[in-house]
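Notes follow the structure.
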Amino acid sequence: MLTVIAGINWGDEGKGRMVDLLSERYDVICRYQGGNNAGHTVINDKGKFILNLLPSGILRDKITNVMGGGMVIDLEHLNGEINTLKEKGIKITPDNLKISENAFICLPCHKSQDGLEEKRLGDKKYGSTKRGIAPVYGDKYMKKGIRISDLADFLSLRTKLSDFIEWKNFTLAKFGKKNMVDLEETMAWLHQYGTPLFPFISNTTDYLYEAADKGQNILFEAQLGALRDIDYGIYPFTTSSQTLAAYATIGAGIPGLKTDRTIGVMKAYSSCVGEGPFTVEASGQEAKLLREAGAEFGAATGRARRVGAFDIPASKYGVKIQGADELALTKLDVLSYLDKIPVCVAYEIDGIIKDHFVIGDKLYRAKPIYEYVDGFKTDISKCRKAEELPSSALSYIRFIEKAVGCPIKYVSVGAGREDYIEMS
21 MLTVIAGINW GDEGKGRMVD LLSERYDVIC RYQGGNNAGH TVINDKGKFI
71 LNLLPSGILR DKITNVMGGG MVIDLEHLNG EINTLKEKGI KITPDNLKIS
121 ENAFICLPCH KSQDGLEEKR LGDKKYGSTK RGIAPVYGDK YMKKGIRISD
171 LADFLSLRTK LSDFIEWKNF TLAKFGKKNM VDLEETMAWL HQYGTPLFPF
221 ISNTTDYLYE AADKGQNILF EAQLGALRDI DYGIYPFTTS SQTLAAYATI
271 GAGIPGLKTD RTIGVMKAYS SCVGEGPFTV EASGQEAKLL REAGAEFGAA
321 TGRARRVGAF DIPASKYGVK IQGADELALT KLDVLSYLDK IPVCVAYEID
371 GIIKDHFVIG DKLYRAKPIY EYVDGFKTDI SKCRKAEELP SSALSYIRFI
421 EKAVGCPIKY VSVGAGREDY IEMS
């Protein structure tokens, strides 16, 4: 069984929580795209963890975790993440963590360039996390990047890096000499943070094909959501990689295989980190109450998330382009304080009602049209079966399920690993 867990909306849907929950049913967990510009928060019997690069399966024993070739990896950040988990008692060895030699390295100059560009853009900024993700993916597609495999030969790496830095400094020189890249400093950084990772680097393509041939179950973990996809999201306010389930086997390094199942993850309301159009965005006290109830602050950056009502047009679109077979609805318990729950059922754009999501400039002019459903006004965190839910909570789930056109299989009612309901 090859399964993908992917985000339906803007990211921060709770994918890490679902990977942690379902990972016990799988042999291999593979992250297939992105870098450390977003985080997966996982709470289980071992504690609370924020994972930026490592697959969420790293928190379970006897599971092999793969960082796929579609990722971009900040070596310094990865070393820090590994050491932090080890200090908390998490076992990390070459047996349970494998890093693709095809992945690209996010260098210090990429982070510098990212920050300089956001500063240059000023009020037109994209809302970057300034983790260097766009520059490193840009270099990858301009065929200038440095890969994990390049760490195998530091003599050859020096030559490649020298050519790379000469080219990179053409751009950075415009920001002043202090921002230009130094070859020796960068080589020292690669030595310091690359060397400890040598035992984990391998041909993960062969490993994954062999695992599939043996009939092992593989779970593919995405970062961010459908609306942040570089091709089909709210460009240019997207990430710089493909966040879609269709890219899973490509980013993992096994493009010859097809996935069997896609589980889409979406919240019981909407949240968003970063810039760009967000039609259902709440403001004032309404936003403050929802943000505090849901602890809506970015796992990677700590930034307060923008929040609002569940967005049906956006979610229908996300379900479609993710090809979701079933859904996980997270954070339903957060809405327990509301007498009436708002749901965006359509947009008004230039006086015309549209019940589907739109891409491009029209999205900036979209105004939400709301319907209100009864709130459930009670603590549901102890519910473990659908019949234990208040009828109004169950009605809300069924309303959302019908509206987006995909069955809801899992409903989370709390932050803990076991705080969920598997719907019949």
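Going by the numbering used here, the final residue of the sequence shown carries number 444, and the count climbs one at a time with no gaps.
Idealized CB from N, CA, C, for every residue including glycine.
Is the beta carbon of residue j closer than 8 Å to that of residue i?
i, j, result
"I400", "L352", "yes"
"L73", "E101", "yes"
"S415", "L239", "no"
"I93", "G55", "yes"
"L98", "I125", "no"
"Q243", "A58", "yes"
"R281", "D345", "yes"
"A272", "V86", "yes"
"Y229", "I274", "yes"
"S148", "D159", "no"
Rounded to whole angstroms, what's the CA-CA distance from residue i to residue j? Just pull it up for me.
i, j, result
"F190", "T206", "17 Å"
"W209", "T258", "29 Å"
"I250", "S260", "5 Å"
"I110", "R51", "18 Å"
"A329", "F220", "43 Å"
"G142", "D381", "20 Å"
"R151", "S411", "44 Å"
"T215", "P388", "52 Å"
"A313", "Q305", "12 Å"
"D40", "R437", "7 Å"
"K429", "A324", "29 Å"
"V365", "Y392", "10 Å"
"N237", "L117", "16 Å"
"L79", "L136", "36 Å"
"D359", "Y289", "15 Å"
"K340", "A334", "10 Å"
"D394", "S432", "19 Å"
Which residue comes first and which comes last in the alpha helix (DSSP H) that contains residue i?
i, result
"G89", "That residue, G89, is in no alpha helix (DSSP H); it is neither H nor E in DSSP."
"S182", "F174 to L192"
"E241", "Looking at the DSSP string, E241 is not in any alpha helix (DSSP H); the run it does join, the beta strand (DSSP E), is I238 to G245."
"I389", "Run containing I389: none in the alpha helix (DSSP H); it sits in the beta strand (DSSP E), K387 to D394."
"I153", "I153 to Y161"
"E101", "L95 to E107"
"P128", "P128 to L141"
"L41", "K35 to L42"
"W209", "L203 to G214"
"D262", "Correcting the residue type first, residue 262 is Gln in the shown sequence and not Asp. Note, Q262: premise wrong, no alpha helix (DSSP H); not H, not E."
To which residues does DSSP link residue i through a beta bridge?
i, result
"V378", "The partner list for V378 (beta bridge, DSSP) is empty, contrary to what the question assumes."
"D331", "C364"
"R281", "T23"
"I7", "As shown, the chain starts at 21 and ends at 444. That puts residue 7 outside it, with no answer to give."
"I221", "I119"
"L350", "The amino acid at residue 350 is misidentified as Leu; the sequence shows Thr. Beta-bridge pairing links T350 to K287."
"V424", "DSSP output for V424 lists no bridge partner at all."
"C317", "Correcting the residue type first, residue 317 is Phe in the shown sequence and not Cys. According to DSSP, which records beta bridges pairwise, F317 is partnered with A324."
"V431", "L349 and I441"
"G436", "I63"
What are the boundary residues of the beta strand (DSSP E) that includes residue i?
i, result
"N64", "H60 to N64"
"S290", "S290 to C292"
"F69", "G67 to L71"
"C20", "Missing from the structure shown is residue 20; the chain here goes from 21 to 444 and no further."
"I112", "No beta strand (DSSP E) holds I112; DSSP gives it neither H nor E."
"Y440", "Y440 to E442"
Quick one: does residue i have its CB under 8 Å from some CB of chain B?
i, result
"I369", "The structure shown contains no chain B; it holds only a single protein chain."
I think residue i touches residue j, with their Cβ atoms under 8 Å apart; what is that distance to the nearest whole Å?
i, j, result
"G36", "H60", "2 Å"
"I168", "S132", "Actually they do not touch by this definition, with Cβ atoms about 21 Å apart."
"G27", "Q53", "Actually they are not in contact, since the Cβ atoms of G27 and Q53 sit about 11 Å apart, beyond 8 Å."
"I372", "R385", "Contact flag wrong, Cβ pair sits at about 10 Å."
"G337", "F377", "What sits at residue 337 in the sequence shown is Tyr, not Gly. Confirmed, Cβ separation roughly 4 Å."
"A265", "V24", "4 Å"
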